[in-house]
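Okay, structure first, notes after.
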Amino acid sequence: MALKIAMIGAGSIGFTRRLMADLLTVPEFGDTTFAFTDLSQHNLDMVTQLARRDIEANGLPAKIEASTDRRRTIADADYVICMIRQGGLDAFAGDIDIPLKYGVDQCVGDTICAGGIMYAQRGIPALLGFCKDIREVAKPNALFLNYSNPMAMLTWACNKYGGVNTIGLCHGVQGAQWQIASCVEHWAKREGLIAEDVKIHRKEIDFVFAGINHQTWCTKAVWQGIDLIPRLLELFRAHPQYPTTEKVRIDALDRFGYYSTESNGHLSEYLPWYRKRVGEINKWIDLSSWINGETGGYLRVCTEGRNWFETDFPNWMTQEPPKFSPEKRSEEHGSYIIEGLETGRTYRGHFNVVNNNIITNLPNGCIIEVPGYVDRNGINIPVTGDLPLACAATCSASIRVQEMSVEAAVHGNVTLLKQAMLHDPLVGAVCDPEEVWQMTDEMLVAQAEWLPQYEDDIPKAKDRLAAHEANGTRVNLVETRGAARLHTKTVEEMTAEKEKSRANAQAADKGKMTANA
9 MALKIAMIGA GSIGFTRRLM ADLLTVPEFG DTTFAFTDLS QHNLDMVTQL
59 ARRDIEANGL PAKIEASTDR RRTIADADYV ICMIRQGGLD AFAGDIDIPL
109 KYGVDQCVGD TICAGGIMYA QRGIPALLGF CKDIREVAKP NALFLNYSNP
159 MAMLTWACNK YGGVNTIGLC HGVQGAQWQI ASCVEHWAKR EGLIAEDVKI
209 HRKEIDFVFA GINHQTWCTK AVWQGIDLIP RLLELFRAHP QYPTTEKVRI
259 DALDRFGYYS TESNGHLSEY LPWYRKRVGE INKWIDLSSW INGETGGYLR
309 VCTEGRNWFE TDFPNWMTQE PPKFSPEKRS EEHGSYIIEG LETGRTYRGH
359 FNVVNNNIIT NLPNGCIIEV PGYVDRNGIN IPVTGDLPLA CAATCSASIR
409 VQEMSVEAAV HGNVTLLKQA MLHDPLVGAV CDPEEVWQMT DEMLVAQAEW
459 LPQYEDDIPK AKDRLAAHEA NGTRVNLVET RGAARLHTKT VEEMTAEKEK
509 SRANAQAADK GKMTANA
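Mapping of the sequence shown onto my numbering: residues 9 to 525, in sequence order.
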């Protein structure tokens, strides 16, 4: 099968090589052409060198075409994979640091909350440009697989305004499944149901997760005929690690009755209850890993990873290349979807798709994350039905923020953007309306180079900020580094732990990176 797979944002350190390796474990895909593109020639060159070395070392006929000409890269592609971070780490820093001055303390800032909303304003115009190229020069009906955040908002815009069938892909559900499997394993050993040396794989449990990206709820979990849902709170509280690292998720499980996919740090910033009082944030988080709630934790590990890669790249080229083998294939959905569509082998995963009476008590047209099946007939999504009411209410609040953010990004509507910020659960719990208005103006001005749709409005935002300063009506800002911010290590500091630093730099899933990595 001589496929062409275009990868946009291929200068990504972790995802590009990981997804390429996954695809090349499929025997039929050995002669695939990977078309890499990125805005940064420097980043593209480094990743291309590594990827070409990996292919050669595995003795495969696959080849790589690399170009900063995106349209050329997409031409005649069968599949297009997106993994960009629009604005890079510079814009990402603004997503975290500017809201922090207004009291909004985020761990990740890439889904909703102030950071995620602005991330969508940067990303949506870019992805709509990708969709235009896909429509015009890719193979007819080429599938767009989106790994970029904010997942739901970007996927929503592409399907509604981009005219391209777009599926959003995330590994959050798999992570939660492994956690539940670990809880069941500890419980089953205590009860004498399995031997001490037995390991329970997540695939041994029959799961259904449903909701929206990063707020997907485990509504079914059955192991050996045992319904685990009524037992989950007990199992999580008895786990040797999770009562320390997953306090927000266990508290939500206690109050909702259902477990949420996303990490402690992620979930804490999507809800209005856990990060609104600075003095209480540390009560709900754990600093053994950034993903458990560290202020700006994702920004820190991404910054450290990029800085280390830039410094350590020559050593990467001398390392033993990875072996492409089925046992090393990751759990990222992308390669399995393409395999299912091309070979007919059935794959079941959880995908981000347009709601069309699938979750019946969430709005049609929004992006939901639900079980799906892939084979040669296509991507098939069964009806999930109603979510439990509390889960649906929480998802609905985020969906309306997403909807306003998408419409603001597409139409360059500053008022709608500010209303999205105002209705965000955490921002609304922390800020009053005038603080929201000024914070949004400040973020617009700071990120102007990545916001072409607001070109006419950004000078007005700058004037408003200047007038507030001159009139003494500017809102009071908070002087803080955040409730739980850790130091971003220099390259010299990372040198003391080279292997951990290299692991961080090449990780596609940075959720596994500890505070000491």
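Backbone N, C-alpha and C fix where the C-beta goes; we use that ideal spot for every residue, glycine too. Fair warning: this is a prediction, and the values are worked out from it, not measured in the lab.
Delimiting residues of the alpha helix (DSSP H) encompassing residue i
i, result
"valine 527", "The question about residue 527 has no answer, for the chain in this structure spans 9 to 525."
"histidine 194", "180–198"
"glutamate 450", "441–454"
"asparagine 272", "272–278"
"asparagine 512", "506–514"
"glycine 176", "First-last for glycine 176: 174–176, but that is the beta strand (DSSP E), not the alpha helix (DSSP H)."
"alanine 398", "397–419"
"asparagine 290", "286–292"
"tyrosine 282", "Per DSSP, tyrosine 282 belongs to no alpha helix (DSSP H) and is neither H nor E."
"valine 499", "499–503"
"glycine 131", "121–145"
"phenylalanine 100", "96–109"
"glycine 490", "No alpha helix (DSSP H) holds glycine 490; DSSP gives it neither H nor E."
"isoleucine 345", "341–351"
Simplified DSSP state of residue i, which is helix, strand or coil
i, result
"methionine 8", "There is no way to answer for residue 8, as the model of the chain reaches only from 9 to 525."
"tyrosine 250", "helix"
"glutamate 73", "strand"
"valine 55", "helix"
"tyrosine 267", "strand"
"aspartate 432", "coil"
"isoleucine 366", "coil"
"valine 378", "strand"
"phenylalanine 317", "helix"
"isoleucine 16", "strand"
"aspartate 464", "coil"
"aspartate 383", "strand"
"asparagine 167", "helix"
"serine 297", "strand"
"methionine 28", "helix"
Contact set for residue i: own chain, Cβ-Cβ below 6 Å, skip 5 residues either direction
i, result
"glutamate 350", "Met9"
"glutamate 442", "Val483"
"asparagine 167", "Thr174, Val362"
"valine 230", "Asp214"
"alanine 14", "Ala43, Thr81, Ile82, Ala85, Val88"
"leucine 11", "Thr40, Asp86"
"asparagine 66", "Phe332"
"valine 286", "Ala491"
"serine 343", "Asp30, Leu31"
Same chain only: Cβ atoms within 7 Å of residue i, ignoring 5 sequence neighbours per side
i, result
"valine 444", "Lys426, Met429, Leu430, Val435"
"asparagine 421", "Glu415"
"threonine 326", "none"
"threonine 522", "With a pLDDT of only 42 at threonine 522, under the threshold of 50, the placement of this residue in the model should not be trusted; the figure read from the coordinates follows. The residues are Ser296, Ser297."
"proline 460", "Pro133"
"isoleucine 366", "Ile376, Val378, Ile389, Val391, Thr392"
"lysine 197", "Glu204"
"arginine 60", "Ile72"
Start and end residues, beta strand (DSSP E) containing residue i
i, result
"asparagine 360", "355–362"
"alanine 43", "41–45"
"leucine 153", "151–154"
"tyrosine 87", "87–90"
"aspartate 214", "214–220"
Residues of its chain near residue i, where Cβ-Cβ distance is below 8 Å and the 5 sequence neighbours each way are ignored
i, result
"asparagine 524", "Because asparagine 524 sits at a pLDDT of 41, beneath the cut-off of 50, its placement in the model cannot be relied upon, and the following sentence gives the value as read from the coordinates. If we look at asparagine 524 and ignore the five residues flanking it on each side, its Cβ neighbours are Glu505, Lys508."
"tryptophan 292", "Lys255, Val256, Asp259, Asn272, Ser276, Tyr282, Arg283, Gly301"
"proline 251", "Phe244, Arg245, Ile258"
"arginine 1", "Because the chain in this structure spans residues 9 to 525, residue 1 falls outside the shown range and cannot be described."
"proline 280", "Pro433, Leu434, Gly436, Ala437"
"alanine 454", "Gly102, Ile106"
"aspartate 471", "none"
"leucine 136", "Ala165, Cys166, Tyr169, Gly170, Val418"
"aspartate 320", "Lys506, Ser509, Arg510, Ala513"
At a cut of 8 Å, does the segment 174–188 reach the segment 260–277 through at least three beta carbon pairs? yes
Is the segment 384–391 touching the segment 406–415 in the sense that three or more CB pairs, one from each, lie closer than 8 Å? no
Under 8 Å, with one C-beta from each stretch per pair, do the segment 138–146 and the segment 110–124 reach the 3-pair mark? no
Are there three or more Cβ pairs, one per stretch, closer than 8 Å when the segment 25–38 is compared with the segment 95–102? no
Between the segment 162–180 and the segment 196–213, do three or more beta carbon pairs fall short of 8 Å? no
Do the segment 126–133 and the segment 154–162 touch if we need at least three Cβ pairs shorter than 8 Å? yes
Do the segment 61–76 and the segment 35–47 meet, that is, are 3 or more Cβ pairs less than 8 Å apart? yes
Evaluate contact between the segment 306–313 and the segment 484–502, counting only Cβ atoms and requiring at least three cross-stretch pairs below 8 Å. yes
Is the segment 209–217 close to the segment 103–117, with three or more CB pairs under 8 Å? no
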